[in-house]
Amino acid sequence: MAELMFESFQVPTLCMALQGLAALHACSCTTGMVLDNGDGITVPIHGGSCLLHGVTRLDFAGRGVTKYVARFLLETGHSFVSTTEKEIVRDMKEKWCYVALDAIQKMQQKPENLTCECILPDRRTVRAGDQLFQAPEALFTPAEVEMQGAVVVGMILQRAAECSTHMQTDVLRNVVLAGGSTPFQGFKERLLKALQAEVHSMTSTKIISPKNQVHSVWIGVSVLASLTWLRNMWVTREDYSEIGPTVLGRKFF
Numbered sequence: 010m011a012e013l014m015f016e017s018f019q020v021p022t023l024c025m026a027l028q029g030l031a032a033l034h035a036c037s038c039t040t041g042m043v044l045d046n047g048d049g050i051t052v053p054i055h056g057g058s059c060l061l062h063g064v065t066r067l068d069f070a071g072r073g074v075t076k077y078v079a080r081f082l083l084e085t086g087h088s089f090v091s092t093t094e095k096e097i098v099r100d101m102k103e104k105w106c107y108v109a110l111d112a113i114q115k116m117q118q119k120p121e122n123l124t125c126e127c128i129l130p131d132r133r134t135v136r137a138g139d140q141l142f143q144a145p146e147a148l149f150t151p152a153e154v155e156m157q158g159a160v161v162v163g164m165i166l167q168r169a170a171e172c173s174t175h176m177q178t179d180v181l182r183n184v185v186l187a188g189g190s191t192p193f194q195g196f197k198e199r200l201l202k203a204l205q206a207e208v209h210s211m212t213s214t215k216i217i218s219p220k221n222q223v224h225s226v227w228i229g230v231s232v233l234a235s236l237t238w239l240r241n242m243w244v245t246r247e248d249y250s251e252i253g254p255t256v257l258g259r260k261f262f
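Structure below.
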């Protein structure tokens, strides 16, 4: 990375940061738990420092929900296999799908109350019902789509439990949402409800859902770049010339 940036792009300075840290700074926070559901990663951060032992990945994240939607479309006679077509499925997922506050109660509603017509890019229509909330339901109950692994809530709590005792409450106070699958309608409310049912009553958990959370990392990076106190962490061209590519390892890892 250092060789590419300094020799190919001729940048004067370089600074690296984890996506989770950048997303947290986009919300003007220095402590919290970042859920980047685009890639299915949770990152606990305390006092501006990433607790790397608590970073973990959820096997079924944004891409998994997209695959579920593609499978449903295939069952209705619509095949999306090329890279471009998969992007269309992703767009449809973000436009149509939503998270039910109570999935069991939702399933008990009459089918006609759940059904809607979704228009494909070629103007064909697809009638969809419970599939629209069953797809993202897998983020909370993987068994619904025959997936195995920790659900979002369990993953957040497990990572918090691995932090030092005095940090656990702090990181759960601010749960920051980032990534492409977290903007689902109802996701924030469902996550808050599930966390409040699990954490200690004295822990005040807040779900922070930035307006432009899909771009939280980019916004956070711009914030980090403007912080003068971070300048001593930047790698200069002189540092690279003196030490070589390993300078990144000394500065950031």
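Basically this note's numbering = 1-based index in the sequence shown + 9. Glycine included, each C-beta is placed from N, C-alpha and C at the ideal position.
- Within the same chain, Cβ atoms closer than 7 Å to the Cβ of Q177 are found at A169, A170, the five residues on either side in sequence being excluded.
- Distance between H34 and L44, taken at the CA atoms: about 14 Å.
- Residue pairing from DSSP leaves M164 without any beta-bridge partner.
- E126 is bridged by DSSP to R136.
- Beyond the five residues adjoining it in sequence on each side, I216 comes within less than 7 Å, by CB distance, of V184, L186, K197, L200, L201 in the same chain, given in chain order.
- The beta carbon of L148 lies closer than 6 Å to those of V161 in the same chain, with the five residues before and after it left out.
- When beta bridges are read from the DSSP output, N183 appears opposite K215.
- Beta-bridge partners assigned by DSSP to Q194: Y107.
- In the three-state DSSP reduction, V64 falls in the coil class, being neither helix nor strand.
- Nearest to C127 by C-alpha distance, out of E103, Q114, D111, E146, is E103.
- D45: member of the beta strand (DSSP E) spanning 41 to 45, first to last residue.
- Excluding the 5 residues flanking it on each side, K95 has same chain C-beta neighbours closer than 8 Å at T75, A79, F89, in chain order.
- Taking 8 Å as the upper bound for CB-CB distance, A26 and V180 are not in contact here, some 18 Å apart.
- Note that the segment 218 to 232 does not touch the segment 201 to 210; fewer than 3 beta-carbon pairs, one per stretch, sit closer than 8 Å.
- Restricting attention to M42, V98, E16, the CA atom closest to the CA of D131 is found in V98.
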